[in-house]
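Note that our numbering has the sequence shown beginning at 1, numbered continuously upward.
Below: one structure, written as structure tokens.
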Amino acid sequence: MSAVTHTTSASWQQALQWPFFDHTHRTLHSQLHAWGHKHLRNVSHEDTTVDNACKQLVQVLGQDGWLRHAVAGTQYGGIANSIDTRSVCLTREILAWHQGLADFAFAMQGLGSGAISLFGTDEQKERYLPRVTNGNAIAAFALSEPLAGSDVAAMQCQAHIQADHYVLNGEKTWISNGGIADFYVLFARTNEAPGSRGISAFIIDAHTPGFSIAERIDVIAPHPLAHLKLDNVCIPISQRLGESGQGFKVAMATLDVFRTSVAAAALGFAQRALDESLQWAQNRQMFGTNLASFQLSQAKLADMAMQIDAARLMTYRAAWMRDQGQRITKEAAMAKFTATENAQHVIDMAVQLHGGMGVKKGCIVESLYREIRALRIYEGASEVQQLIIARELLKESD
Numbered sequence: 001m002s003a004v005t006h007t008t009s010a011s012w013q014q015a016l017q018w019p020f021f022d023h024t025h026r027t028l029h030s031q032l033h034a035w036g037h038k039h040l041r042n043v044s045h046e047d048t049t050v051d052n053a054c055k056q057l058v059q060v061l062g063q064d065g066w067l068r069h070a071v072a073g074t075q076y077g078g079i080a081n082s083i084d085t086r087s088v089c090l091t092r093e094i095l096a097w098h099q100g101l102a103d104f105a106f107a108m109q110g111l112g113s114g115a116i117s118l119f120g121t122d123e124q125k126e127r128y129l130p131r132v133t134n135g136n137a138i139a140a141f142a143l144s145e146p147l148a149g150s151d152v153a154a155m156q157c158q159a160h161i162q163a164d165h166y167v168l169n170g171e172k173t174w175i176s177n178g179g180i181a182d183f184y185v186l187f188a189r190t191n192e193a194p195g196s197r198g199i200s201a202f203i204i205d206a207h208t209p210g211f212s213i214a215e216r217i218d219v220i221a222p223h224p225l226a227h228l229k230l231d232n233v234c235i236p237i238s239q240r241l242g243e244s245g246q247g248f249k250v251a252m253a254t255l256d257v258f259r260t261s262v263a264a265a266a267l268g269f270a271q272r273a274l275d276e277s278l279q280w281a282q283n284r285q286m287f288g289t290n291l292a293s294f295q296l297s298q299a300k301l302a303d304m305a306m307q308i309d310a311a312r313l314m315t316y317r318a319a320w321m322r323d324q325g326q327r328i329t330k331e332a333a334m335a336k337f338t339a340t341e342n343a344q345h346v347i348d349m350a351v352q353l354h355g356g357m358g359v360k361k362g363c364i365v366e367s368l369y370r371e372i373r374a375l376r377i378y379e380g381a382s383e384v385q386q387l388i389i390a391r392e393l394l395k396e397s398d
């Protein structure tokens, strides 16, 4: 994506003064935004180069220190001993504004290693997290299966103990970074109990015998995505992550951190769409004046701004609450639903304002239109978020 002429929109400047943020967050925003203008203007996003582009982005994000925000533990290269959710969200929002693939690269380093940050042993953390932080290892999170996407309890991938190791068999699909990851945090059924209580988490190195990429998956906004197959994959018991049978807890705790950041990425896409639309409306000449002079255009711009602001408040409320140690299952779901749905509406309005240019390949709002669609599905579709919110409300009313 090319850059608009201004550096930081007024809405960002105002939001950074909210009590959710402190000086470190404002500094992060300023420095990363400047870095993005310098380093993310010419990132290729074509299918033929997406793997290489993603690998390069992970390396440069690591080399320049931005991946330090994605992991916990200063001894492992992290910026702090716990993951600061607001910093993760700000990083994703800014990177998404600049370049969708850069946001993806950062997000997957965090999501793919987040369970290790939260539940890993000292040995596991020492082995994996420094390489994630410096960009020398690419991480992935393997939860979904052909018949177990939103319904995690329907998982069929199996892990059985044999002597001093586990043997895993099954499939995973829709796995981001599939095909380029160096390791996968993968979930499989260990059958301690029915449903979600009989799942465990494991760390699988990509070169492990029996582990393979069955298929690469192409989607409308290209990024590395694959269907995985496990055929008698043997790993030491020490590669289990957390307690046996606690995999669902591991997955949900990890998603509680990074589900909020999906909302932040949607904010970045939506804010870019509004910024592009403001510039376009003021420069596009028609009927003897500019597009911005028409009340219909002004109504769209106002609607876009309101939807972004409402979603941003919900997103950083959830992030702030988690950083205060509060449980945010409901708030994260609200933020994810609102931000992704609102961003879809905002970007659709941006395409409409751009007219024919809005659907021309290579136009920024055209790429944003493709980028945003998946966010309403991954890490819990919008309908799943509604179920989570309702479930939490019913618990509160008991």
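In this text, a Cβ means the ideal position worked out from N, Cα and C, and glycines have one as well.
Check whether residue i and residue j have beta carbons under 8 angstroms apart
i	j	result
residue 200	residue 240	yes
residue 336	residue 392	no
residue 190	residue 263	no
residue 346	residue 274	yes
residue 83	residue 250	no
residue 67	residue 132	yes
residue 381	residue 338	no
residue 276	residue 365	yes
residue 109	residue 139	yes
residue 85	residue 323	yes
residue 202	residue 148	no
residue 303	residue 349	yes
Enclosing alpha helix (DSSP H) for residue i [first to last residue]
i	result
residue 94	85-98
residue 39	23-39
residue 347	329-354
residue 361	It is not in any alpha helix (DSSP H) - residue 361 carries neither H nor E in the DSSP assignment.
residue 197	Neither: residue 197 is in no alpha helix (DSSP H) and is coded neither H nor E.
residue 71	It is not in any alpha helix (DSSP H) - residue 71 carries neither H nor E in the DSSP assignment.
residue 130	122-133
residue 381	Note, residue 381: premise wrong, no alpha helix (DSSP H); not H, not E.
Expected contact under 8 angstroms - CB spacing of residue i and residue j to nearest Å
i	j	result
residue 116	residue 165	Incorrect: roughly 20 angstroms between the Cβ atoms, too far for contact.
residue 369	residue 351	6 angstroms
residue 186	residue 204	5 angstroms
residue 188	residue 157	4 angstroms
residue 113	residue 90	That belief does not hold up - the Cβ atoms of residue 113 and residue 90 are roughly 19 angstroms apart, past 8 angstroms.
residue 271	residue 87	Actually they do not touch by this definition, with Cβ atoms about 18 angstroms apart.
residue 198	residue 242	About 14 angstroms separates the two Cβ atoms, so there is no contact after all.
residue 265	residue 92	5 angstroms
residue 75	residue 135	With a Cβ gap of about 18 angstroms, residue 75 and residue 135 do not count as contacting.
residue 343	residue 394	The Cβ separation is near 28 angstroms, so there is no contact.
residue 26	residue 16	5 angstroms
residue 104	residue 223	5 angstroms
residue 145	residue 172	6 angstroms
Separation of residue j from residue i, as counted between CA atoms
i	j	result
residue 213	residue 178	7 angstroms
residue 71	residue 77	8 angstroms
residue 137	residue 333	30 angstroms
residue 14	residue 209	53 angstroms
residue 398	residue 327	18 angstroms
residue 279	residue 318	31 angstroms
residue 315	residue 94	14 angstroms
residue 174	residue 389	25 angstroms
residue 399	residue 255	The question about residue 399 has no answer here: the residues shown for the chain are numbered 1 through 398.
residue 230	residue 142	12 angstroms
residue 218	residue 225	7 angstroms
residue 367	residue 152	31 angstroms
residue 1	residue 269	In this prediction, residue 1 has a pLDDT of 45, which is less than 50 and means its spatial position is unreliable; nothing more can be read from the coordinates.
residue 107	residue 120	19 angstroms
residue 33	residue 305	20 angstroms
residue 21	residue 289	41 angstroms
residue 298	residue 292	6 angstroms
residue 163	residue 253	30 angstroms
residue 36	residue 221	20 angstroms
residue 353	residue 296	10 angstroms
residue 170	residue 29	42 angstroms
residue 102	residue 61	8 angstroms
residue 122	residue 73	10 angstroms
residue 150	residue 284	44 angstroms
residue 154	residue 286	56 angstroms
residue 168	residue 211	9 angstroms
residue 405	residue 355	There is no way to answer for residue 405, as the model of the chain reaches only from 1 to 398.
Beta-bridge partners of residue i, as assigned by DSSP
i	result
residue 216	226
residue 234	167
residue 290	285
residue 202	186, 240
residue 145	148
residue 277	Answer by DSSP bridge pairing: none, since residue 277 is not bridged.
residue 139	183
residue 175	226
Continuous beta strand (DSSP E) stretch holding residue i: start and end
i	result
residue 16	Neither: residue 16 is in no beta strand (DSSP E) and is coded neither H nor E.
residue 187	183-189
residue 161	158-162
Check: residue i C-beta below 7 angstroms from any heavy atom of the ligand PLP
i	result
residue 148	Within the structure as shown, the ligand PLP is missing, as the structure has no ligands at all.
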